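Scroll down for the structure; my scribbles are underneath it.
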Amino acid sequence: MLNNIGIPGLLLIAVVVLVLFGKGKVSSLMGEVGKGITAFKKGVDDGAKEIESAKADEAKDVTPADKDKA
């Protein structure tokens, strides 16, 4: 059902939403959506950095130096 909406259908939906909620409400809603997307991207980047740092910590050689070899 939703796979054949097309451009005219999307425009009609946009007009109906604009009429129902008004310009101010729609613009504030889109601003909140933008903030949410930005926060999501930041969280994904932070998670990737955390995983990379955990991998780097695992790869460190922490074995003590052998003092008997001389």
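So for the sequence shown, our numbering puts the first residue at 1; every next one is plus one. Idealized CB from N, CA, C, for every residue including glycine. Remember, it's a predicted structure, so these values are computed and weren't measured experimentally.
*asked:* My output table needs one value for Gly9: the three-state DSSP class, helix, strand or coil.
replied: helix
_Would Phe21 and Leu10 qualify as a contact pair, given that the criterion is a beta-carbon distance under 9 Å?_
no
_Distance check for Leu18 and Pro8, CA to CA, integer angstroms please._
15 Å
*Identify whether Ile65 lies in helix, strand or coil by the three-state DSSP scheme.*
The sequence shown places Ala at residue 65, not Ile. Coil, per DSSP.
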